[in-house]
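In what follows, a single structure is set out as structure tokens and then discussed.
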Ligand code: UDX
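Residue numbers (the working numbering): 60 to 517.
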């Protein structure tokens with residue numbers, strides 16, 4: 060069978076994998092190949108146990124794999140055989156040298172650019188899918204155009220806005236598709252080619268086009284705005300705990316203003332995930348680079364409040380438990396950074412577990428999907444840690460439960476049964492405000508929500 064278009068994606072991670080699976084599903088006439096340097100990851104994509112969990116993803120991969128969706132380690136071959144190349148490699152925060160802890164580590168990105176140059180035998184459209192600092196596309200262009208060959212490259216920015224846990228839904232029905240390009244003749248033509256791909260399932264009015272720098276910046280700014288809402292509500296949750304206000308009531312009242320809106324106003328132990336912190340720190344770094352220190356400080360505040368919220372949660376636990384956590388058994392309900400994913404990157408649970416261990420508490424962790432990631436996140440940390448699948452068994456014999464992820468199953472547990480198996484006084488620290496606090500209190504727990512007065516029997 061000959062395909063209408065041959066599309067490659069370099070990077071088979073949380074963005075590349077699901078995005079290409081949905082693309083293949085929506086466009087049966089396109090051949091979609093996903094390549095990655097990691098053979099284990101590719102083997103997993105080719106097996107029944109996909110390397111990531113996303114609702115509905117397995118079914119989509121099953122329906123397309125081997126037909127018009129292929130996973131492979133052959134990066135040079137992929138580059139040679141495809142003229143449209145999405146790049147979705149990881150861009151972690153730099154851990155060394157200039158900009159350590161702030162700037163994006165672009166080494167994988169640059170290596171990919173050089174590989175594309177080395178193996179291309181025909182002109183290509185190269186599309187940035189990873190979230191990158193503004194002006195990265197330019198660096199890519201500079202690398203791709205550094206030889207005198209007749210092959211030309213158009214570099215575009217097409218950021219992905221999907222959220223984990225709802226990836227398939229977000230990809231099938233996105234709020235918008237953003238395509239940034241150079242405003243040259245060939246840049247505009249390349250932009251049209253990518254627009255036509257999405258138009259297979261996304262209404263044209265949702266596909267917006269911009270210059271390449273606006274596109275790159277829009278992605279970082281979208282994440283900064285989302286995270287800023289959470290830090291704003293979390294900052295106010297601290298004030299609510301000192302007064303008699305209730306953050307849920309305040310967030311509801313505030314969110315009903317149609318200019319503000321109700322989403323992303325749930326107070327929590329803090330935001331996690333691979334993007335928010337990294338993208339904001341990038342933004343901060345960028346602003347400092349351009350001498351905009353007030354702007355940088357403003358956005359840095361979002362990250363600082365997030366750290367403060369996690370530390371505050373830990374200190375609240377400590378105060379409630381008579382100022383010592385030494386030898387106390389604390390059960391963590393949830394370890395992933397949010398519900399419906401096994402991903403634990405930047406999860407507040409890592410910080411909380413680490414701090415509890417520092418205080419010499421014994422930590423018991425339960426999570427429906429994230430236990431294997433939790434094990435590797437905490438490997439090397441000193442102290443008593445155990446991992447238990449069943450939430451009832453996990454809490455048995457504990458002094459306290461800290462709810463760190465908003466998994467639905469935790470709402471439906473039999474807290475009477477859990478209470479009976481715990482050491483008294485038994486406490487619940489609800490870092491997600493998902494439990495029925497009054498009911499837990501009546502069962503006998505001391506209950507400490509976020510941003511609401513605690514319910515205690517003292
Ligand atoms: C985010 C963006 O939503 C997405 O557009 C971008 O492409 C990648 O980054 P994701 O990291 O999957 O997606 O998670 P998201 O659903 O945005 O949640 C981030 C964190 O904020 C989670 O830890 C979540 O639990 C927390 N959160 C979210 C809150 O604490 N309160 C809220 O009201 C909403």
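Ideal Cβ placement from N, Cα and C applies to all residues, glycine included.
Source: prediction; values computed, not measured.
Per DSSP, what are the beta-bridge partners of residue i in this structure?
{"i": "residue 124", "result": "128"}
{"i": "residue 443", "result": "Beta-bridge pairing links residue 443 to no other residue."}
{"i": "residue 239", "result": "216 and 269"}
{"i": "residue 421", "result": "388"}
{"i": "residue 526", "result": "The question about residue 526 has no answer, for the chain in this structure spans 60 to 517."}
{"i": "residue 514", "result": "506"}
{"i": "residue 489", "result": "462 and 508"}
{"i": "residue 145", "result": "68 and 186"}
If we ignore side chains and look at the alpha-carbon of each, how far apart do residue i and residue j end up?
{"i": "residue 304", "j": "residue 296", "result": "9 Å"}
{"i": "residue 111", "j": "residue 494", "result": "28 Å"}
{"i": "residue 278", "j": "residue 80", "result": "22 Å"}
{"i": "residue 149", "j": "residue 220", "result": "15 Å"}
{"i": "residue 306", "j": "residue 316", "result": "16 Å"}
{"i": "residue 130", "j": "residue 477", "result": "45 Å"}
{"i": "residue 190", "j": "residue 300", "result": "36 Å"}
{"i": "residue 172", "j": "residue 193", "result": "16 Å"}
{"i": "residue 257", "j": "residue 352", "result": "39 Å"}
{"i": "residue 280", "j": "residue 452", "result": "43 Å"}
{"i": "residue 448", "j": "residue 455", "result": "12 Å"}
{"i": "residue 298", "j": "residue 371", "result": "12 Å"}
{"i": "residue 184", "j": "residue 338", "result": "25 Å"}
{"i": "residue 92", "j": "residue 73", "result": "16 Å"}
{"i": "residue 498", "j": "residue 346", "result": "48 Å"}
{"i": "residue 230", "j": "residue 266", "result": "13 Å"}
{"i": "residue 242", "j": "residue 252", "result": "14 Å"}
{"i": "residue 78", "j": "residue 400", "result": "16 Å"}
{"i": "residue 116", "j": "residue 225", "result": "10 Å"}
{"i": "residue 165", "j": "residue 76", "result": "20 Å"}
{"i": "residue 204", "j": "residue 365", "result": "42 Å"}
{"i": "residue 206", "j": "residue 132", "result": "26 Å"}
{"i": "residue 484", "j": "residue 491", "result": "21 Å"}
{"i": "residue 429", "j": "residue 342", "result": "30 Å"}
{"i": "residue 312", "j": "residue 516", "result": "30 Å"}
{"i": "residue 514", "j": "residue 121", "result": "49 Å"}
{"i": "residue 101", "j": "residue 284", "result": "34 Å"}
{"i": "residue 360", "j": "residue 144", "result": "37 Å"}
Look at residue i and residue j and say whether their C-beta atoms are less than 7 Å apart.
{"i": "residue 310", "j": "residue 328", "result": "no"}
{"i": "residue 379", "j": "residue 391", "result": "no"}
{"i": "residue 405", "j": "residue 336", "result": "yes"}
{"i": "residue 436", "j": "residue 464", "result": "no"}
{"i": "residue 394", "j": "residue 433", "result": "yes"}
{"i": "residue 89", "j": "residue 63", "result": "yes"}
{"i": "residue 262", "j": "residue 237", "result": "no"}
{"i": "residue 326", "j": "residue 509", "result": "yes"}
{"i": "residue 421", "j": "residue 443", "result": "yes"}
{"i": "residue 211", "j": "residue 239", "result": "no"}
{"i": "residue 525", "j": "residue 159", "result": "Past the edges of the chain, shown from 60 to 517, lies residue 525, and the structure says nothing about it."}
{"i": "residue 153", "j": "residue 162", "result": "yes"}
{"i": "residue 94", "j": "residue 69", "result": "yes"}
{"i": "residue 388", "j": "residue 458", "result": "yes"}
{"i": "residue 187", "j": "residue 146", "result": "yes"}
{"i": "residue 175", "j": "residue 138", "result": "yes"}
{"i": "residue 324", "j": "residue 331", "result": "no"}
{"i": "residue 83", "j": "residue 123", "result": "yes"}
{"i": "residue 377", "j": "residue 488", "result": "no"}
{"i": "residue 232", "j": "residue 85", "result": "no"}
Indicate the three-state DSSP secondary structure (helix, strand or coil) for residue i in the structure shown.
{"i": "residue 152", "result": "strand"}
{"i": "residue 295", "result": "helix"}
{"i": "residue 381", "result": "coil"}
{"i": "residue 163", "result": "strand"}
{"i": "residue 405", "result": "coil"}
{"i": "residue 483", "result": "coil"}
{"i": "residue 500", "result": "helix"}
{"i": "residue 518", "result": "The chain is shown from 60 up to 517; residue 518 falls before or after that span and cannot be answered."}
{"i": "residue 432", "result": "helix"}
{"i": "residue 410", "result": "helix"}
{"i": "residue 168", "result": "helix"}
{"i": "residue 281", "result": "helix"}
{"i": "residue 451", "result": "helix"}
{"i": "residue 106", "result": "coil"}
{"i": "residue 61", "result": "coil"}
{"i": "residue 158", "result": "coil"}
Residue i: beta carbon under 6 Å from a heavy atom of ligand 3?
{"i": "residue 397", "result": "Summarising the ligand content, the structure contains ligand 1 and does not contain ligand 3."}
Contiguous beta strand (DSSP E) assignments of at least 3 residues, all confined to the stretch 175–216: 183–187 and 212–216
Every unbroken beta strand (DSSP E) inside the stretch 284–343 [3 residues or more]: none
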